[in-house]
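Residues in the sequence shown are numbered consecutively from 1, following full-length UniProt numbering.
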Amino acid sequence: MIVSMTGFGRSEFETEQYQMIVEAKTVNHRFLEMNIRMPRPMMRHEDKVRKIVQEVLNRGRVEMNITIEGQGLQETTLQVNWELMRQYMGMLEQTKEMFHLNDSITAKDLMLLPEVTSLIDVEKEDETFVLNLLRVVREAVEQLKGMREKEGESLERDLILRLSNIQDSLLEIHTHIPNVVKNYKERLLAKFQELQLSEYDEQRILTEITIVADRCDISEELVRMDSHLEQFRETLQANEPVGRKLEFIVQEMNREINTIGSKANDLYISKHVVEMKNNLEKIREQVQNIE
1 MIVSMTGFGR SEFETEQYQM IVEAKTVNHR FLEMNIRMPR PMMRHEDKVR KIVQEVLNRG
61 RVEMNITIEG QGLQETTLQV NWELMRQYMG MLEQTKEMFH LNDSITAKDL MLLPEVTSLI
121 DVEKEDETFV LNLLRVVREA VEQLKGMREK EGESLERDLI LRLSNIQDSL LEIHTHIPNV
181 VKNYKERLLA KFQELQLSEY DEQRILTEIT IVADRCDISE ELVRMDSHLE QFRETLQANE
241 PVGRKLEFIV QEMNREINTI GSKANDLYIS KHVVEMKNNL EKIREQVQNI E
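Right under this line is the structure:
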């Protein structure tokens, strides 16, 4: 079964305190690359999120957006800058001594001094929050994977159809091969008649025909093409990522088709070579989107 590298997944979870939304999409890429956007306080959990993606996907560029909203995630606390308070206290004591003041310094006086106290929002999360976050991430990624698998089924049907088209062209070429030499011989004899040459060296003609037949022999290329097609079909059924292997097979098929086109100096074969190239180009485009 083949898997596409294009997909989308979305999952969300909500409590009285917060709401989590995770959206993930993928496009084709040579490797597994991730771009994860999440609230800054949650970034300490990014490695855990990445690990989940790596467990489910093998290739593709992943764009993930994690949104967390709600007041229940924060609590306000009072923070005291004790070091600054000590400095204030020291300066006040020096001032009293320098100017012979008898005023007493109270705790209230110190707490009201600038920058001594401040209210800060502290992120509040517990183990349950983290577990919920990772669960929602996994649900989104699994949904994305399901879409990739479904699209992979469509890709497989299209690939099998185009492989069948190439196989049909190969069969037509194989059937036509005996006519290549025959047609060349007829054209050669017709040329002699056109030039009104009544006498010619028959052995020389046979030698020329043999040379042409050897030069136009594409039997090895046809055998290798049949082998590549069979290997391609078998690879489609593998239970593992096969995108790169299919890319290699496509390269080999392209090489054989080009050789057939250059060796077989025949209009009928050339027509089928063009058809095979068109189908192979469509296959190449599809394979680039396979995991």
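The C-beta atom is built at its ideal place from N, Cα and C for all residues, glycine as well.
Small disclaimer: the values here were computed from a predicted structure and weren't measured.
Identify whether residue i lies in helix, strand or coil by the three-state DSSP scheme.
| i | result |
| --- | --- |
| GLU33 | strand |
| SER104 | coil |
| ARG61 | strand |
| ASN239 | coil |
| ASP109 | helix |
| GLU281 | helix |
| ASP126 | coil |
| ASP266 | coil |
| GLU115 | coil |
In the DSSP output, which residue or residues are listed as bridge partners for residue i?
| i | result |
| --- | --- |
| ILE21 | GLU12, THR67 |
| SER4 | ILE290 |
| THR26 | GLY7, VAL62 |
How many whole angstroms separate the CB atoms of residue i and residue j, which I take to be in contact at a CB cut-off of 8 Å?
| i | j | result |
| --- | --- | --- |
| GLY60 | MET147 | That pair is no contact at about 12 Å. |
| GLN286 | LEU133 | 36 Å between Cβ atoms; not a contact. |
| LYS21 | THR95 | Sequence inspection shows Ile at residue 21; the Lys mentioned does not correspond to that position. Wrong, their Cβ atoms sit about 56 Å apart, outside the cutoff. |
| HIS174 | LEU222 | 6 Å |
| ARG162 | ASN279 | 4 Å |
| VAL130 | HIS228 | Actually they do not touch by this definition, with Cβ atoms about 50 Å apart. |
| MET276 | SER169 | 5 Å |
| GLU256 | ARG224 | 5 Å |
Which residue marks the beginning of the alpha helix (DSSP H) containing residue i, and which one marks its end?
| i | result |
| --- | --- |
| SER262 | 243-263 |
| ARG224 | 219-236 |
| MET43 | Careful: MET43 lies outside any alpha helix (DSSP H) and carries neither H nor E. |
| GLU97 | 82-98 |
Leaving out the 5 sequence neighbours to the left and right, which residues in its chain are closer than 7 Å to residue i when beta-carbon positions are compared?
| i | result |
| --- | --- |
| LYS2 | For clarity, residue 2 is Ile in the given sequence; the question names Lys instead. Here the set comprises GLY152, LEU155, GLU156, LEU236, VAL242, ILE290. |
| LEU92 | ILE105 |
| VAL53 | MET34, VAL62, VAL141 |
| LEU246 | PHE232, THR235, VAL287, ILE290 |
| GLU69 | TYR18, GLN19 |
| ASN239 | MET1 |
| ARG284 | VAL250 |
| GLU252 | HIS228 |
| GLU281 | none |
Among the residues of its own chain, which have a CB less than 6 Å from the CB of residue i, if the five just before and after it don't count?
| i | result |
| --- | --- |
| GLY261 | VAL273 |
| LYS145 | VAL56 |
| GLU139 | SER11 |
| MET85 | LEU110, VAL116 |
| GLU23 | ARG10, ASN65 |
| TYR268 | HIS176 |
| VAL137 | VAL22, VAL49, ILE52 |
| VAL80 | THR117 |
If you drop the 5 nearest sequence neighbours on each side, which residues of the same chain put their C-beta closer than 8 Å to that of residue i?
| i | result |
| --- | --- |
| GLU149 | MET1, VAL3, SER4 |
| residue 299 | The chain is shown only over 1 to 291; residue 299 falls outside these bounds and no answer can be derived. |
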